[in-house]
Amino acid sequence: MTSLLKTEASPYKEIDSEMDKSTDVVWHLASVSHQDRVVANGHQGAVLWFTGLSGSGKSTVANAVDKMLHDLGAKTYVLDGDNVRHGLNGDLGFSDSDRIENIRRIGEVAKLFVDAGLLVSTAFISPFAADRGLVRGLLGDKSFIEVFVDTPLEVCEQRDPKGLYKKARAGEIKHFTGIDSAYDVPVSPEIHVQTANQDVQQCAMQVIEYLKAKGLMN
Ligand code: ADP
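Structure representation (structure tokens):
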């Protein structure tokens, strides 16, 4: 039997194969239904899935949207890439397979939040269309709103809010999206914001107006 203790190389991955899959687990029906929560909250749950290059403005616009929604009385939460990597996904790196697992776990967490009736904004580069498609599949078209934060690489690199592009150009960070790792441009996002032409408040308002137009917010 394999040990469940942490290993140096991979703190939590050393899991007994017999324990890998939970075949005897049955979904427990909740006493408070999703619909009860929707009624109590006064709106549907949904995920605003912000995707774009590092420095494109995902976190900034997601937080501005969250503040506007909160001020309108909505039940909200922001799942931010860097924050999640400190905890839930602290065992994952930036290889293609780890990026896929990163997004899969976020998708599952977002799904629980949507079941709780929240309007969840997520801010992850989520560079691969297939992974965004996987989360869309998990949540369904009605609950998954893709927000493409479209900012040219040159602008992101000039902003470089965390100094990451500088490090990537110097070869200190490998697999950096836009430099030596691909970003699949969303083909038909529900919302397309262009931060090089609009300020943060305008981008956030564009998202709020979409939600109002779709009847997801009053
Ligand atoms: P990301 O989450 O995509 O990595 P951040 O939101 O952390 O990006 O950083 C984006 C940077 O760009 C911030 O410093 C922000 O102030 C700046 N910025 C300038 N104009 C805009 C805009 N219109 N929308 C969003 N961010 C903007």
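My numbering numbers the first residue of the sequence shown as 15 and each following residue consecutively.
Built from N, CA and C at the ideal position, the CB exists for glycine as well.
*Sequence-distant residues of the same chain with beta carbon closer than 8 Å to residue 23, five excluded per side*: Only weak support is given to the placement of residue 23: the predicted model assigns it a pLDDT of 41, under 50, and the value that follows is read from those uncertain coordinates. Same-chain partners within the cutoff: there are none.
*asked:* Please return the same chain residues whose Cβ sits closer than 6 Å to the Cβ of residue 173, not counting the five positions on each side in sequence.
replied: 69
*According to the Cβ coordinates, are residue 13 and residue 214 closer than 9 Å?*
Residue 13 lies beyond the range of the chain shown here (15 to 232); nothing can be said about it.
*In its own chain, which residues sit with a C-beta less than 6 Å from the C-beta of residue 150, not counting the 5 before and 5 after it?*
158
*Take residue 64 and list the residues in its own chain whose beta-carbon comes closer than 7 Å to its own, dropping the five residues that flank it on each side.*
72, 75, 76, 135, 136, 137, 161 and 163
*Which of the three DSSP states, helix, strand or coil, is assigned to residue 213?*
coil
*Assuming residue 198 and residue 143 form a contact by the criterion Cβ under 8 Å, report the distance between their Cβ atoms to the nearest whole angstrom.*
4 Å
*If you count every other CB in all the chains shown that lies within 10 Å of the CB of residue 47, and 16 or more means buried, which is it?*
exposed
*Please state whether DSSP places residue 25 in a helix, a strand or coil.*
Residue placement at residue 25 cannot be trusted, given a pLDDT of 40 that sits under 50; the coordinates are not used to answer.
_Residue of 38, 227 and 67 minimising C-alpha distance to residue 195_ = 67
*Note down the Cα distance separating residue 95 from residue 40, rounded to an integer number of angstroms.*
30 Å
*Taking 8 Å as the cut-off, does the CB of residue 192 come closer than this to any heavy atom belonging to the ligand ADP?*
no
*If you count every other CB in all the chains shown that lies within 10 Å of the CB of residue 209, and 16 or more means buried, which is it?*
buried
_Tell me whether residue 60, by its Cβ, gets closer than 8 Å to a heavy atom of the ligand ADP._
no
*Where does residue 31 sit, in a helix, a strand or coil, going by DSSP?*
Residue placement at residue 31 cannot be trusted, given a pLDDT of 48 that sits under 50; the coordinates are not used to answer.
_Entirely enclosed alpha helix (DSSP H) segments - the region 85 to 148, minimum 4 residues_ = 95 to 100 and 110 to 129
_Inter-residue CB distance, residue 119 and residue 103 (contact presumed, cutoff 8 Å)_ = 6 Å
*For residue 100, does the count of other Cβ atoms within 10 angstroms reach 16, so buried, or fall short, so exposed?*
exposed
_What does the alpha-carbon distance come out to for the pair residue 166 and residue 38?_
48 Å
*Within 8 Å: the Cβ of residue 146 and any heavy atom of the ligand ADP?*
no
_Residues of its chain near residue 178, where Cβ-Cβ distance is below 8 Å and the 5 sequence neighbours each way are ignored_ = 68, 69, 187 and 190
*asked:* Going by the DSSP bridge assignment, what does residue 63 pair with across the sheet?
replied: 136 and 160
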